[in-house]
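Per this note's numbering, the very first residue in the sequence shown carries number 287; after that it's consecutive. Just below is one structure, and these are the notes that go with it.
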Amino acid sequence: MSKKEISNAEFEEAVKGKSKYYSDGKFLEKVKKYGAIIGFKALHAAVVLYYSLKDPNLPNKDRMIIIGALGYLILPVDVIPDFIPVVGFTDDIAVIIAALGRVINSVSEESKIKAHQQLKVWFKDSYPYNEDDGFVVEVD
Numbered sequence: 287m288s289k290k291e292i293s294n295a296e297f298e299e300a301v302k303g304k305s306k307y308y309s310d311g312k313f314l315e316k317v318k319k320y321g322a323i324i325g326f327k328a329l330h331a332a333v334v335l336y337y338s339l340k341d342p343n344l345p346n347k348d349r350m351i352i353i354g355a356l357g358y359l360i361l362p363v364d365v366i367p368d369f370i371p372v373v374g375f376t377d378d379i380a381v382i383i384a385a386l387g388r389v390i391n392s393v394s395e396e397s398k399i400k401a402h403q404q405l406k407v408w409f410k411d412s413y414p415y416n417e418d419d420g421f422v423v424e425v426d
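As structure tokens, this is what we get:
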């Protein structure tokens, strides 16, 4: 799996059965601990996915994609173990970005705004965006 592109088959295999590892608490614990390591774009994508789960209008198909992807992020044992410096989160990042790419049309503006606000709280002055940037979610 590359950071830039992940095939449908690779994505489906990666997230298969991972939803059982997802919980809000485990997700928040993981992003607070490793957010700086995975990089801002991937963290931003993960937090947008997290808030999208809270949207009652999110289609169930997309909800399952998100839960699987966030479960994969939380899972301590994956294709490339997270404890390996530098490359340990490469597969996690690929899965998160791929998930966002698959559900982006279902992500509400409200979810994007909530993610933006939460990241501002966590990063304070080092948050790289301001309100003038809007709430664009980039999918590479």
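Ideal Cβ positions, reconstructed from N, Cα and C, are used throughout, including at glycine.
Measuring CA to CA, which of the options is closest to residue i?
i      : options                        : result
Ile353 : Lys398, Gln404, Gly325, Phe297 : Phe297
Leu344 : Ala401, Val393, Ala322         : Val393
Leu359 : Leu339, Lys316, Phe326         : Lys316
Lys306 : Val389, Ser412, Ile351         : Ile351
Leu405 : Val301, Ser309, Leu329, Thr376 : Leu329
Ala332 : Lys400, Ile292, Ser412, Asn346 : Lys400
Val334 : Lys398, Trp408, Lys410         : Lys398
Phe326 : Gly387, Ile390, Val389, Ile379 : Ile379
Note down the Cα distance separating residue i from residue j, rounded to an integer number of angstroms.
i      : j      : result
Asn294 : Ala384 : 9 Å
Gly303 : Leu361 : 11 Å
Val381 : Ile292 : 7 Å
Asp377 : Ile324 : 10 Å
Val301 : Ala355 : 6 Å
Tyr337 : Glu299 : 24 Å
Residue i by DSSP, collapsed to three states: which one?
i      : result
Tyr358 : helix
Ile294 : In the sequence on display, residue 294 carries Asn and not Ile. Reduced to three states, the DSSP call for Asn294 is helix.
Val321 : A small fix is needed here, since residue 321 is Gly in this sequence, not Val. Helix, per DSSP.
Ile326 : The question names Ile, but residue 326 in the sequence shown is Phe. It is helical.
Asp377 : helix
Asp411 : helix
Lys340 : coil
Assign residue i to buried or exposed, taking buried as 16 or more other Cβ atoms, counted over all protein chains shown, within 10 Å of its Cβ.
i      : result
Leu314 : exposed
Ala322 : exposed
Asp411 : exposed
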